[in-house]
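Since the structure comes first, as structure tokens, the remarks are kept for the end.
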Amino acid sequence: MLVIHLLGLVLGALSIPLCRHDMSHDHDQEEDKARFPADEQTPEQQAAFTEAERRVKEVYGSSFKLKDDHGNLLGPFGILSYAPTTFLPFLNYTQSYATLPSLTPKERELSVLATASVTKSVYILYAHKSIAVTVGLTPKQAQDASEGEIPEHLAQREQFVYRLALKMATDFGVISDEVFGDAVTEIGREGVAQLAQVVGGYLSGSILVSVADVGLPSS
Numbered sequence: 059m060l061v062i063h064l065l066g067l068v069l070g071a072l073s074i075p076l077c078r079h080d081m082s083h084d085h086d087q088e089e090d091k092a093r094f095p096a097d098e099q100t101p102e103q104q105a106a107f108t109e110a111e112r113r114v115k116e117v118y119g120s121s122f123k124l125k126d127d128h129g130n131l132l133g134p135f136g137i138l139s140y141a142p143t144t145f146l147p148f149l150n151y152t153q154s155y156a157t158l159p160s161l162t163p164k165e166r167e168l169s170v171l172a173t174a175s176v177t178k179s180v181y182i183l184y185a186h187k188s189i190a191v192t193v194g195l196t197p198k199q200a201q202d203a204s205e206g207e208i209p210e211h212l213a214q215r216e217q218f219v220y221r222l223a224l225k226m227a228t229d230f231g232v233i234s235d236e237v238f239g240d241a242v243t244e245i246g247r248e249g250v251a252q253l254a255q256v257v258g259g260y261l262s263g264s265i266l267v268s269v270a271d272v273g274l275p276s277s
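Quick note on the working numbering: the sequence shown kicks off at 59 and runs consecutively.
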């Protein structure tokens, strides 16, 4: 379960205020124009666009808004559809690491929210707060996790996963031998491997969302 785990990706992040400031005039002129618009795609790009929409709807239904009012895909999907030869492999990989059995769905969503709390990717936070509630977090827990705060009333292992994901995201994966040893004891090497891929995937997704300048849906 996850293509925007992708996919989320479903991933905002690493914003570049200087670039936005320098280009603010152009941005104001084309405020409503998507940077990677659906209506300017080649047939190959349109096919990738359609497949992404189908997959995400199949996994998540209508738990969050996938398109803007002009029919452009939100999240990382619009920008990815402009590179169709890497798009489907990206979706496949994201779905694969998101559904590995070493983390529970709740732990996975805690990891995504921890990562997005660092990158400040508003679309990823919007989408995954909704997804987190569907896998067992309360709205308050999802909100706290999205703000970099350890949610209350989590199991000990869930707290550990959230803290470790937050550290991985903040320090770009750098962890000490001591932290690594504690992680192996708590969630196993397989769990550490999956967690690192979730965090890394959403760091990458956040960059894609930021380059595409994707914010919150209008409604």
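Quick reminder that beta carbons are idealized off the backbone N, C-alpha and C, glycines included.
- DSSP places Leu183 within a helical segment (H, G or I) once states are collapsed to three.
- Per DSSP, reduced to three states, the secondary structure at Leu131 is strand.
- When the five nearest sequence neighbours on each side are left out, the beta carbons in the same chain lying within less than 8 Å of the beta carbon of Gln103 are those of Ser139, Tyr140, Pro142, in order along the chain.
- At the C-beta level, His186 and Ala200 come within 9 Å of one another.
- For Lys178, there is no enclosing alpha helix (DSSP H), as DSSP marks it with neither H nor E.
- For Phe230, the closest alpha carbon among the candidates Val269, Gly258, Phe122, Leu132 is that of Gly258.
- Looking at the backbone, the Cα of Ala223 and that of Pro209 are separated by about 14 Å.
- Here the segment 257–275 makes contact with the segment 166–179; the two share three or more CB pairs at distances below 8 Å.
- Rounded to whole angstroms, the gap between the alpha carbons of Gly246 and Asp127 is 44 Å.
- DSSP, reduced to helix, strand and coil, places Lys91 outside both helices and strands of the structure shown, so it counts as coil.
- For Ile245, the uninterrupted alpha helix (DSSP H) segment begins and ends at 235–269.
- Of all alpha-carbon atoms in Gly136, Glu116, Val114, the one lying nearest the alpha-carbon of Glu98 is that of Gly136.
- When C-alpha distances from Glu248 are compared across Asp235, Pro95, Ser160, Ala92, the shortest belongs to Ser160.
- Under the DSSP assignment, Leu161 falls outside any alpha helix (DSSP H); it carries neither an H nor an E label.
- When DSSP states are grouped into helix, strand and coil, Lys123 belongs to the coil group.
- Taking C-beta atoms as the reference points, Val193 and Lys164 count as a pair closer than 9 Å.
- C-alpha of Val272 to C-alpha of Asn130: approximately 10 Å in a straight line.
- In the structure shown, the three-state DSSP call for Gly273 is coil.
- Sixteen is the threshold: since fewer than 16 other Cβ atoms of the shown chains lie within 10 Å of the Cβ of Thr108, the residue is exposed.
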